[in-house]
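For this note's numbering, add 286 to where a residue sits in the sequence shown, where the first one is 1.
Note that beta-carbon positions come from the ideal geometry of N, C-alpha and C, so glycine has one too.
All figures in this text were calculated on a predicted structure; none of them were measured in a lab.
Here's the structure, in structure tokens; my notes come after.
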Amino acid sequence: MIGWIKLIMLSVLLAGGMSFSFAEVSASAITSLAPLVSRYIDTEDSDEAERLLQAILSDGNASVETISQILRAERTYQSQSIGTLPDEQIVIRGQTYPLSLFIPATYQPSKRYALLVCLHGYGFTGEEYLERWRPRLGEEYLLACPTYPSGAWFTRRAEDLVLETIRQLRRRYHIDPDRVFLTGMSNGGIGAWLIGMHHAPLFAGLAPMASGLDDVLMPFLANLRSTPVYIIHGAKDQVMPVDLSRSIARELDALGYPHVYREHQREHPMAGGHYFPREELPDIIAWFNSRHREPLPTRLTLVRDGSHFQAFNWVRLDATDSIAAFSDDLVDKRDERIKRREYARLDVSIAANNRIEVKAEHVQRYSLFLNEPLIDFSKPLTVITNGELSFEGIVTPSVETLLRQARLRQDPERLFSIHLTIPIAKPAA
């Protein structure tokens, strides 16, 4: 049972003899609904999920307020294995991948911990990178180092591996959703860029090392408006030329986005300038320690190709013009739309007076997912797209929307009871 439910029930019992009260109704509703909601959020069986959803919706006590309280309550975590766990596994599309974990010996299920996901370079494994990071992080971090063949972190299957690793660890261990970090070295650094840019709202920060981006991928840096970056590169790197990171730093400067750029002069006897010096560790760990994700920024920029249409915080692309679309290997395709960098883009901001302003390029339809921290449900909402009125009126919270989005996102810091779809009218010929 969710911990704080017990406190509500106790307060009702202590009040014995009182007339029927709101507190009693809330406690009763939570007691009956919490197990259903928990199973709905966690089940991997889509048919069971739909049955549970309908059971919740048919309960007269299933209000937005009650369900929101249940979803926001801290999960009760069970004791788990601790220490160095080099032989864990993650299954993606029927294929099994090794996962090496470090869980501090002092881990307590009642306490929140930061999570660092580290992506290895070509020719290495997650276990090898685990040994490099483990002694240096301290007791406040869980460390996850998946292994992907040849360090090909620029593929969609590798992207899925990283996302599933985070999802599974957040179910097993008490991870702070606002303190998840992604780092990587060489090919792993490329993966940190690509996965971090496409899924920026998931991370409190990115730390790519000795890596870079192809010119056609640079527009996706715009997604990092609220996700700070710590970049490290060796000036004498002969594998990944330092100009790769310098060009990214210049682009982030032009965007005005938060980032740290560190360029070292050191060389390793075996790797030359293509390595991560241990002397840089104290500063980067101090940077991790100072970072927390901003769960609901009031301004977002979203750039998408045709293969990444999942939600991005409280916005989502639903339909676009013909735009570039990457294959499962995100770097192997160079058709004309990719060469011209024809991507869809949304710039969205919440202004005063319940007004949302949107600039859209190559977009035909998009969605807004909203909650009370973002807008005032008691007042009319106005949405302006490309200078034209797209929507005006009162929006009504929905229990079904709240639940479906909670199951999809698995993020208690982002609960949305409003789903508003906005079509964009084509200008007259």
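Simplified DSSP state of residue 655, which is helix, strand or coil: strand
Pop quiz: residue 437 and residue 410 are said to be a contact at Cβ under 8 angstroms. What is the actual Cβ separation, rounded to whole angstroms? 7 angstroms
Please list the terminal residues of the continuous alpha helix (DSSP H) segment that includes residue 328. 308-328
On the CB-based measure, 16 or more other CB atoms within 10 Å of its CB, does residue 360 come out buried or exposed? By the neighbour-count rule (16 or more Cβ atoms within 10 Å), residue 360 is not buried but exposed.
Report the three-state DSSP secondary structure of residue 410 (helix, strand or coil). coil
Segment limits, beta strand (DSSP E) that includes residue 606: Here the beta strand (DSSP E) through residue 606 covers 601-606.
Can you check whether the CB of residue 506 is closer than 8 angstroms to the CB of residue 634? no
Between which residues of its own chain and residue 350 is the CB-CB distance below 7 angstroms, once the five residues before and five after are set aside? Counting only residues of its own chain and dropping the five nearest sequence neighbours on each side, residue 350 has a CB closer than 7 angstroms to the CB of 683, 685, 688 and 703.
Kindly examine the ligand ADP and report whether one of its heavy atoms sits closer than 7 angstroms to the Cβ of residue 615. Absence of the ligand ADP from the depicted structure is noted, as is the absence of any ligand whatsoever, leaving it without description.
Drop a sphere of 10 angstroms on the beta-carbon of residue 565, count the other beta-carbons inside from all chains shown, and report buried for 16 or more, exposed for fewer. exposed
Could you give the residue range of the beta strand (DSSP E) that holds residue 643? 641-647
Apart from the five residues just before and just after residue 446, which ones in its own chain have a Cβ nearer than 6 angstroms to its Cβ? Only 378 meet the Cβ criterion.
In chain order, what residues of the same chain have a beta carbon less than 7 angstroms from the beta carbon of residue 663, not counting five sequence neighbours either side? Non-local C-beta neighbours of residue 663 in its own chain, meaning closer than 7 angstroms and more than five positions away in sequence, comprise 681 and 683, ordered along the chain.
Compute the Euclidean distance between the alpha carbons of residue 371 and residue 650, then round it to the nearest angstrom. Here the alpha carbons of residue 650 and residue 371 stand approximately 47 angstroms from one another.
Give every residue of the same chain whose Cβ lies closer than 7 angstroms to the Cβ of residue 571, excluding the five residues on either side of it in the sequence, and list them in chain order. Counting only Cβ-Cβ distances below 7 angstroms, and skipping sequence neighbours, we find 422 and 423.
Nearest to residue 496 by CA position, among 413, 512 and 549, is which residue? 549
Where residue 352 sits in the DSSP three-state scheme: helix
Per DSSP, which residues does residue 495 bridge with? Please list them. 471 and 518
Contact between the segment 398-405 and the segment 465-478 is defined here as three or more beta-carbon pairs at a separation below 8 angstroms; is this criterion met? yes
Can you name the start and end residues of the alpha helix (DSSP H) that residue 541 belongs to? 529-541
Residue 308 versus residue 659 - alpha carbon distance: Because the pLDDT of residue 308 is 40, which lies under 50, any placement of that residue in the model is unreliable, and the number read from its coordinates should be weighed accordingly. For residue 308 and residue 659, the distance between alpha carbons rounds to 24 angstroms.
Quick check on DSSP: helix, strand or coil for residue 676? strand
In its own chain, which residues sit with a C-beta less than 6 angstroms from the C-beta of residue 595, not counting the 5 before and 5 after it? 603
Going by alpha carbons, who is nearest to residue 522 out of 553, 502, 531 and 323? If we check each option's Cα against that of residue 522, 553 comes out closest.
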